[in-house]
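> Once you've had a glance at the structure underneath, I'll fire off some questions.
In the numbering used here, the protein residues as written are 6 to 294.
If you want it as structure tokens, here you go:
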């Protein structure tokens, strides 16, 4: 498998496959402006602060994270500019991306009532773990964690009968989540999520990781870039930590593939236990307006 194969698959799915008629929300204007600034060789903190301050709720969300236990400082941030400085522009941009995604993609289903809380916890866990590893971009990992399951609400909004499929996929133990989706709809949330990532101009490594995040055979495929495989394995670890916090009793995917992901990332079980103690207070602090 090559990334070019994934590109071809996504293009075909969007142009003539079952994903063709699904409405993908456009990238929010503020997110486009944020991405444009972050692509500059020397992003301007004042512009990031301006974007963050253009919406009161978004500014409050940034301040709340900056002053959370994960970024505990001797003195809390009291202004948006201080929050951006304390977090760093990359981290601030990842947090703002999360707020803008939640605003653009609304959740109106009891099946995924806490979707964005779980996604935010996953993104924070991925960023934290990435900082413990060598050569993994924490901001990319955080954004990837946020968007990893974004195909689910998009399919809920745009695919007839998907709510029933989602309930079935959550309950079944005899086949994977994506196998259940494909059996009914000939596509799945990994494909749709990757297309959302491309539509919103997220880094290609994120789109590829989203597409492959339930396919752990890629950990052994050298033709898939290491950055993509890192994110796939990281996602599994973060999912496990969040599921443990949220009281999910059955983690079939982790039981089957968790050891391979830990081995790929060269992480020991004792490290995961330490991260549980560190991250649970952070997860508890996730309160979304």
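Glycine included, C-beta positions come from ideal geometry on N, C-alpha and C.
Report buried or exposed for residue 231, applying the criterion of at least 16 other Cβ atoms within 10 angstroms of its Cβ.
Taking the first residue of the chain shown as position 1, residue 231 is located at position 226. Exposed, by the Cβ-count rule.
> Tell me whether residue 90 sits in a helix, a strand or coil according to DSSP, three-state version.
Within the chain shown, residue 90 is the residue found at index 85, counting from 1. Three-state result, residue 90: helix.
> Comparing C-alpha positions only, which one of 13, 121, 97, 19 sits nearest to residue 52?
Counting from 1 along the chain shown, the entry for residue 52 is found at position 47. Nearest of 13, 121, 97, 19 to residue 52, Cα basis: 97.
> Leaving out the 5 sequence neighbours to the left and right, which residues in its chain are closer than 7 Å to residue 164 when beta-carbon positions are compared?
Working through the chain shown from its first residue, we reach residue 164 at position 159. Once the five neighbours on either side are set aside, the close Cβ partners of residue 164 are 27, 190.
> Which class does residue 10 belong to by DSSP, given the choice of helix, strand or coil?
Position 5 of the chain shown, counted from the first residue, corresponds to residue 10. Correct three-state label for residue 10: helix.
> Just the Cα atoms here: how many angstroms apart are residue 45 and residue 37?
Indexing the chain shown from 1 puts residue 45 at position 40. Indexing the chain shown from 1 puts residue 37 at position 32. If you take the alpha carbons of residue 45 and residue 37, they lie about 13 Å apart.
> Closest by CA to residue 216, which one among 59, 152, 130?
To locate residue 216, count along the chain shown from 1; it is residue 211. Checking every option, the nearest Cα to that of residue 216 belongs to 152.
> Which value, in whole angstroms, describes the spacing of the CA atoms of residue 16 and residue 87?
In the chain shown, residue 16 corresponds to position 11, counting from 1. In the chain shown, residue 87 corresponds to position 82, counting from 1. If you take the alpha carbons of residue 16 and residue 87, they lie about 42 Å apart.
> Please determine, among 196, 200, 199, 170, the residue with the shortest C-alpha to C-alpha distance to residue 186.
The residue given as residue 186 occupies position 181 in the chain shown. Residue 186 has its Cα closest to that of 170, out of 196, 200, 199, 170.
> Less than 8 Å separating the beta-carbons of residue 238 and residue 224?
Position 233 of the chain shown holds residue 238. Position 219 of the chain shown holds residue 224. Yes; because the gap between Cβ atoms is below 8 Å, this pair is in contact.
> Could you say if the region 258-277 and the region 51-70 meet the contact criterion of at least three C-beta pairs nearer than 8 Å?
The region 258-277 is not in contact with the region 51-70.
> Can you tell me whether residue 163 is helix, strand or coil according to DSSP?
Within the chain shown, numbered from 1, the residue matching residue 163 stands at position 158. Helix, per DSSP.
> What ranges does the beta strand (DSSP E) occupy inside the region 33-88, keeping only unbroken runs of at least 3 residues that lie completely in it?
Segments of the beta strand (DSSP E) lying fully in the region 33-88: there are none.
> In this structure, how does DSSP classify residue 226 when only helix, strand and coil are distinguished?
Position 221 of the chain shown holds residue 226. Coil.
> Applying the 10 Å Cβ sphere with the 16-neighbour rule, what's the burial state of residue 240?
By one-based count along the chain shown, residue 240 stands at place 235. That one is buried.
> CB residue 132 to CB residue 143, shorter than 8 Å?
Position 127 of the chain shown, counted from the first residue, corresponds to residue 132. Position 138 of the chain shown, counted from the first residue, corresponds to residue 143. Contact flag set, yes.
> Which residue spans inside the region 93-149 form an unbroken alpha helix (DSSP H) run of at least 4?
Taking only runs of at least 4 residues, the alpha helix (DSSP H) segments lying wholly in the region 93-149 are 94-109, 120-137.
> Quick one: give me the first and last residue of the alpha helix (DSSP H) that residue 278 is part of.
As a first step, residue 278 must be located in the chain shown, where it is residue number 273. Note, residue 278: alpha helix (DSSP H), 274-289.
> With distances taken Cα to Cα, identify the nearest neighbour of residue 283 among 106, 243, 111.
Counted from its first residue, the chain shown places residue 283 at position 278. Residue 243 is the option with its Cα nearest to residue 283.
> Let me know the secondary structure DSSP gives residue 181 once reduced to three states.
Within the chain shown, residue 181 is the residue found at index 176, counting from 1. In this structure, residue 181 counts as coil in the three-state DSSP scheme.
> Less than 8 Å between the beta carbons of residue 291 and residue 125, yes or no?
Locating residue 291 in the chain shown gives position 286, counting from the first residue. Locating residue 125 in the chain shown gives position 120, counting from the first residue. Cβ distance < 8 Å, so residue 291 and residue 125 count as in contact.
> Evaluate residue 174 with the Cβ neighbour count: other Cβ atoms within 10 Å of its Cβ, from every protein chain shown; 16 or more gives buried, anything less gives exposed.
For this step, residue 174 is matched to residue 169 along the chain shown. The residue in question, residue 174, is buried, as its Cβ has 16 or more Cβ neighbours within 10 Å.
> Can you name, in chain order, every residue of its own chain whose Cβ lies under 8 Å from the Cβ of residue 94, other than the five neighbours on each side?
Numbered from 1 along the chain shown, position 89 holds the residue referred to as residue 94. Once the five neighbours on either side are set aside, the close Cβ partners of residue 94 are 43, 48, 50, 53.
> Is the CB-CB distance between residue 110 and residue 31 below 8 Å?
On the chain shown, position 105 is the one that residue 110 refers to. On the chain shown, position 26 is the one that residue 31 refers to. No; because the gap between Cβ atoms is not below 8 Å, this pair is not in contact.
> As a quick exercise: from 13, 135, 69, 25, pick the residue whose alpha carbon is nearest that of residue 160.
Position 155 of the chain shown, counting from 1, holds the residue named residue 160. The shortest C-alpha separation from residue 160 is found at 25.
> Tell me whether the beta-carbon of residue 103 lies closer than 8 Å to the beta-carbon of residue 128.
Mapped onto the chain shown, residue 103 falls at position 98. Mapped onto the chain shown, residue 128 falls at position 123. Contact: yes.
> Can residue 39 and residue 101 be called in contact, C-beta distance under 8 Å?
Residue mapping note: residue 39 aligns to position 34 of the chain shown, counting from 1. Residue mapping note: residue 101 aligns to position 96 of the chain shown, counting from 1. Yes. Within cutoff.
> Taking all protein chains shown into account, decide if residue 172 is buried (16 or more other Cβ within 10 angstroms of its Cβ) or exposed.
If you number the chain shown from 1, residue 172 lands on position 167. Answer is exposed; the Cβ neighbour count stays below 16.
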